[in-house]
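Trainee:
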Amino acid sequence: MTEEQLKNIAQQLRKPEGEWGVTIGEKMNIGNKFINLYTIDALDIKTNDHILEIGMGNGFFVKDIFDVNHNIKYKGCDYSDEMVTRSKKLNERWVKNGKADFLLSNADKLPFKDSEFDTVFTINTIYFWDNPERILNEIRRVLKPDGKIVISLRPKSSMEAYPFVKYGFDMFNRSDVSKLLLEHGFTTVKHIEKEEPEQEVNGVFMKVETLIVSAQKKNQNL
Ligand SMILES: C[S@@+](CC[C@H](N)C(=O)[O-])C[C@H]1O[C@@H](n2cnc3c(N)ncnc32)[C@H](O)[C@@H]1O
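And the structure:
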């Protein structure tokens, strides 16, 4: 692959756009299946939970969230127009019955009221956060006082094997993410590490790991 192609892939993973963005979105549904399913498992969804996902891509895994519990409300936000449109289409059934909604928005300025959500989660987006402090402040703002954040990612040890990461990906290990959360108003940080099936990158099979980091919103009065 040429450097130009790698740069384009990196850009599309950061913000899928146009026809190719739709294709990249579909490829992500295959490549990111395990990290999505492991994360949904770790969300510990309860009846009546109000859940926000940041950067849901084309929303392919939203059905798996409703499979766990139909009696929840889900909102997804993504700053890619293409991904919001695809998500609405793929999840028409849940949008029509008022249980799901998808909004076009950057995570650094969320279009929600204070204290709206029980859980905010995000998968494979932290690499692209230009201003983590602003995003974490926004997540804290929209979380209920005892709300939970869940950030899922491929740790640096997995990510550095991908040839496109040199084009704008920030990489993290578990202590980097914990530090970020503890410094920005979260407490009781927990980690789950899972192995995914090997993935083929440029003809080489490589080990891929999922890292799930969760934490509680810190009560400012404490
Ligand atoms: C690599 S894709 C991951 C999609 C899906 N979560 C998955 O794991 O398969 C990253 C997604 O997050 C969105 N995204 C990245 N940064 C964002 C931000 N600051 N605000 C909103 N959406 C963002 C992108 O548009 C894209 O749809």
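According to this note's numbering, the stretch in the sequence shown is residues 230 to 451, in order. The beta-carbon is built from N, C-alpha and C at its ideal position, and this holds for glycine as well.
Under 8 Å by Cβ, that's how I've got residue 378 and residue 349 pegged, so tell me the actual separation to the nearest angstrom.
Mentor: About 5 Å; that satisfies the 8 Å criterion.
Trainee: Have a look at the DSSP bridge pairing and note the partners of residue 311.
Mentor: Note: residue 311 sits in no beta bridge, so no partner.
Trainee: Excluding the 5 residues flanking residue 356 on each side, which residues of the same chain have their C-beta closer than 6 Å to its C-beta?
Mentor: 398, 399
Trainee: Using a beta-carbon distance below 7 Å, is residue 264 in contact with chain C?
Mentor: Absent from the structure is chain C; it holds one protein chain and no more.
Trainee: With distance defined between alpha-carbon atoms, name the residue in 246, 266, 337, 374 nearest to residue 426.
Mentor: 266
Trainee: Looking at the unbroken alpha helix (DSSP H) that takes in residue 406, where does it start and where does it end?
Mentor: 403 to 412
Trainee: For the alpha helix (DSSP H) containing residue 247, name the first residue and the last one.
Mentor: 247 to 260
Trainee: Cutting at 8 Å between CB atoms, please list the residues of its own chain near residue 414, excluding the five before and the five after it.
Mentor: 365, 366, 369, 446, 447, 449
Trainee: Can you have a look at residue 268 and say buried or exposed, based on whether 16 or more other CB atoms are within 10 angstroms of its CB?
Mentor: Buried, by the Cβ-count rule.
Trainee: Which residue's Cα is closest to the Cα of residue 290: 308, 329, 432, 443?
Mentor: 329
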